[in-house]
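Engineer:
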Amino acid sequence: MFLTHCKVEKNLSPLTIRAYRGDLTCFIQQTGADRELDNFSDSWITHAVQCWINDSELQATTVKRRTACVKAFVRWLFRRRLISLNPLERVHVEIKVPKRLPRNLMTNEIRKLVVVKPEKLNCASNDTALLSSRTEWDKLTARLAVEVLCLTGVRIGELVKIRLADIDHGLRQVRIHGKGNRERHVSFPDMVTSKRLQAYRATAVARFGTDVVDTLFLNGLGRAANEQYIRRIIRRFAEEAALTRRVTPHMLRHTAATQLLEAGLDIRLVQRLLGHASITTTQIYTHVADHVLRSEIARANIRRRLEMHR
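Just so we're aligned: the sequence shown equals residues 4 to 313 in the working numbering.
1) Taking DSSP as the reference, what is the three-state secondary structure of Val117?
2) Report yes or no: do the segment 105 to 118 and the segment 209 to 224 share at least 3 C-beta pairs separated by less than 8 Å?
3) Please confirm whether Asp58 and Val94 have their CB atoms less than 8 Å apart.
4) Can you check which of these residues, Arg137, Leu85, Ala259, is closest to Val149 by C-alpha distance?
5) Grouping DSSP H, G and I as helix and E and B as strand, with all else coil, what is Asp171?
6) Note down the Cα distance separating Trp140 from Gly223, rounded to an integer number of angstroms.
7) Look at the alpha carbon of Lys13 and the alpha carbon of Gly160, and state the distance between them as a whole number of angstroms.
8) Which class does Cys9 belong to by DSSP, given the choice of helix, strand or coil?
9) Of the residues Val52, Phe5, Ala168, which one's Cα is nearest the Cα of Val177?
10) What is the C-beta distance between Leu154 and Pro192, in whole angstroms, given that I count them as a contact (C-beta under 8 Å)?
11) Which residues does DSSP list as the beta-bridge partners of Val177?
12) With distance defined between alpha-carbon atoms, name the residue in Leu27, Glu60, Leu124 nearest to Trp47.
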């Protein structure tokens with residue numbers, strides 16, 4: 004019932020629901036499945052959390068999520084009067100998550116990815132090489148996926164949900180169905196990407212037929228592209244572009260945020276673009292921007308310029 008509450012009333016994503024189901028299973032394993040709710044105690048929570056903290060194979064982020072899940076579960080039990088006392092009043096656990104800078108691509112790495120224009124890959128629709136070769140189709144799809152990810156900062160799960168009806172080519176705007184069924188709009192900076200996506204669709208119709216599914220990105224069989232497919236073709240595309248690092252869609256999301264902040268865009272606008280519920284989540288990217296600022300200051304070497312003119 005708690006998971007139904009999370010799905011229906013809180014509108015949590017399927018991925019979060021799946022994670023919560025696993026978290027509750029782990030909690031039950033730690034506390035004992037045969038215990039009665041009437042005996043629910045704060046010691047159950049502290050014992051489980053301490054076991055997770057001491058587990059060297061668990062990351063701090065996982066422990067923090069599990070703890071948050073258990074707390075939400077307990078609050079739900081108390082509100083439903085399934086437990087008479089709220090044990091959270093006597094629980095104080097603090098999970099320290101090490102701060103990690105998001106992994107983003109440098110400008111020269113992005114240039115390697117986008118040096119080949121989709122027009123070079125997306126030849127005329129009667130190009131038999133493109134229409135028959137799944138490899139060429141994967142390259143074209145990867146190139147356009149990279150462009151959309153870098154320009155909009157959408158999540159990979161949001162990218163594969165985009166349908167043709169979500170795109171307004173006149174306004175250069177895309178409706179995104181984000182976490183918790185929250186909707187937002189992202190924009191392309193110009194008409195170039197819009198025209199490329201329209202050409203991609205025309206090629207898809209020529210390759211797969213007019214009754215092809217209406218999702219934006221398609222796999223080599225003409226079906227809706229899923230996350231696994233997009234991850235794979237982007238990784239392969241980056242390897243062929245001679246990038247030494249393994250490139251992921253989430254890395255491109257980080258790249259979009261970092262590039263916008265370095266260009267001077269207000270952090271509140273970046274927050275809206277990325278679909279972050281809290282500004283705190285977005286603020287991690289300011290550390291990346293600060294890192295670039297320090298590097299640029301060191302490269303400018305103002306001390307040398309000042310001292311050489313004494």
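C-beta atoms are modelled at their ideal positions from N, C-alpha and C, and glycine is treated no differently.
As the structure is a computational prediction, the values presented were derived from the model and not from experiment.
Structural biologist: Taking the structure as given:
1) Here residue 117 is taken as the residue at index 114 of the sequence shown, counted from 1. Three-state DSSP puts Val117 in a helix.
2) A contact is defined here as three or more CB-CB pairs under 8 Å, and the segment 105 to 118 fails this definition with respect to the segment 209 to 224.
3) Translated into the one-based positions of the sequence shown, residue 58 becomes position 55. Translated into the one-based positions of the sequence shown, residue 94 becomes position 91. No, these two residues do not count as a Cβ contact at 8 Å.
4) Taking the first residue of the sequence shown as 1, we reach residue 149 at position 146. Minimum Cα distance to Val149 is reached at Ala259.
5) The residue you call residue 171 lines up with position 168 of the sequence shown. Look at Asp171 here: in three-state DSSP terms it is strand.
6) For this step, residue 140 is matched to residue 137 along the sequence shown. For this step, residue 223 is matched to residue 220 along the sequence shown. When rounded, the distance between both Cα atoms is 6 Å.
7) Stepping through the sequence shown from its first residue, residue 13 is reached at position 10. Stepping through the sequence shown from its first residue, residue 160 is reached at position 157. Distance between the alpha carbons of Lys13 and Gly160: 19 Å.
8) Counting from 1 along the sequence shown, the entry for residue 9 is found at position 6. Helix.
9) As a working note, residue 177 is residue 174 in the sequence shown. Of the candidates Val52, Phe5, Ala168, the one whose C-alpha sits nearest the C-alpha of Val177 is Ala168.
10) Position 151 of the sequence shown holds residue 154. Position 189 of the sequence shown holds residue 192. Leu154 to Pro192, Cβ: 7 Å. Contact.
11) To locate residue 177, count along the sequence shown from 1; it is residue 174. Beta-bridge partners assigned by DSSP to Val177: Ile170, Val189.
12) Stepping through the sequence shown from its first residue, residue 47 is reached at position 44. Closest option to Trp47, judged by alpha-carbon separation, among Leu27, Glu60, Leu124: Leu27.
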